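J.:
In our numbering, the protein residues as written are 33 to 380.
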């Protein structure tokens, strides 16, 4: 049975992982993986050429030759997208193939171009894992954290999608599950970094006009979340390693931050508008961190449910899924409520 693809929130953007064809994406930018002559002879690039038509090939001839690590921008032809970004993962002249550094550089260049062109949505393949032969575990370790870290920097991009396709010798389920779980871990780490930064800014400005224990409690929680983030591996090699990392205390710290600010807010003790705004923004970062943790938990449960193929699903598993969904709905409502509070504050 098909599962809903997890969608993670990082800053003001979303990041999703799913199994599907890049040419079917409705994103404004489609990222292709190709050689330095943009031959579009196989894999993702060939599929995009077939769907985009001859205009894609004609435009690409003006770009060559390129070098590994370059990203060329062409029309998307007949495709509904605005652009195709051709990421060079193979240098035919020098017989050079991608490594971690190359994949990270390509992702960053593609995201830089997306920002420059002011597009809102972009879809990536698992760069380098087709004809270029880069192992999909290694590609995930390079691509996923890079996307999440960039989104944590307040990009104007609204949506980043990672679309996976079949790989010889790799089962579809293994590929999808690994990338989904890697995205879950990376999104928690990236959003956790945003939470820590917001907590630090709030700690810097709180003073005598705020509840007396707020600053000391913030300091304790900030130390805790920094310690936890330092233990999260950014290059996991297995689903088991990812799941162990997911058991960190980032979620509980995020929850405690929200409760701490709620306590001060409930007492009506905000006397400084700037402190109140920073506190509410920190609450938003804490809620977003909680959402990503819950999305990751839901994804793990949905993976377990899919193994039953709709037959004999344990009641306890169904109940766990409903409980997580209910918690997601609760946190989403708190997020909307907090945004309304921030927007209602007078300027100043």
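Cβ coordinates follow ideal geometry from the N, Cα and C atoms, glycine included. All figures in this text were calculated on a predicted structure; none of them were measured in a lab.
Count the other CB atoms, across all protein chains shown, that sit within 10 Å of the CB of residue 340; report buried if there are 16 or more and exposed otherwise.
T.: It is exposed - the Cβ of residue 340 has fewer than 16 other Cβ atoms within 10 Å.
J.: Of all the options 62, 100, 99, 293, which has the alpha carbon lying nearest to the alpha carbon of residue 88?
T.: Checking every option, the nearest Cα to that of residue 88 belongs to 62.
J.: Between residue 99 and residue 120, is the Cβ-Cβ spacing less than 8 angstroms?
T.: Closer than 8 angstroms, so yes.
J.: Using a Cβ-Cβ cutoff of less than 7 angstroms, which residues in the same chain neighbour residue 387 once the five nearest sequence positions on both sides are dropped?
T.: Here the chain comprises residues numbered 33 to 380, so residue 387 is not present and cannot be evaluated.
J.: Spell out the partners DSSP gives residue 47 in its beta bridges.
T.: 40, 192.
J.: Quick check: the region 106 to 114 against the region 139 to 147, are there 3 or more CB pairs under 8 angstroms?
T.: Taking 8 angstroms as the limit for Cβ pairs, the verdict is that the region 139 to 147 does not touch the region 106 to 114.
J.: Does residue 292 come out as helix, strand or coil in the three-state DSSP assignment?
T.: Reduced to three states, the DSSP call for residue 292 is helix.
J.: May I have the straight-line CA-CA distance separating residue 104 from residue 69, to the nearest angstrom?
T.: Distance between the alpha carbons of residue 104 and residue 69 is about 11 angstroms.
J.: Assign residue 174 to one of three DSSP states: helix, strand, or coil.
T.: Three-state DSSP puts residue 174 in a helix.
J.: Closer than 8 angstroms, CB to CB, is residue 92 near chain D or not?
T.: No chain D appears in the structure shown, which is made up of a single protein chain.
J.: Helix, strand or coil: which one does DSSP assign to residue 238?
T.: Three-state DSSP puts residue 238 in coil, outside helix and strand.
J.: For residue 320 versus residue 41, is the C-beta spacing smaller than 8 angstroms?
T.: The answer is yes: Cβ separation under 8 angstroms.
J.: Is the CB-CB distance between residue 45 and residue 225 below 8 angstroms?
T.: Not a contact, by the Cβ cut-off of 8 angstroms.
J.: Taking the C-alpha atoms as reference points, what is the distance between residue 387 and residue 295?
T.: Only positions 33 to 380 of the chain appear in this structure, which leaves residue 387 out of reach.
J.: What's the gap between the Cα of residue 236 and the Cα of residue 322?
T.: Taking the straight line from one Cα to the other gives about 24 angstroms.
J.: Counting pairs of Cβ atoms below 8 angstroms between the region 345 to 352 and the region 243 to 258, do you hit three or more?
T.: The region 345 to 352 is not in contact with the region 243 to 258.
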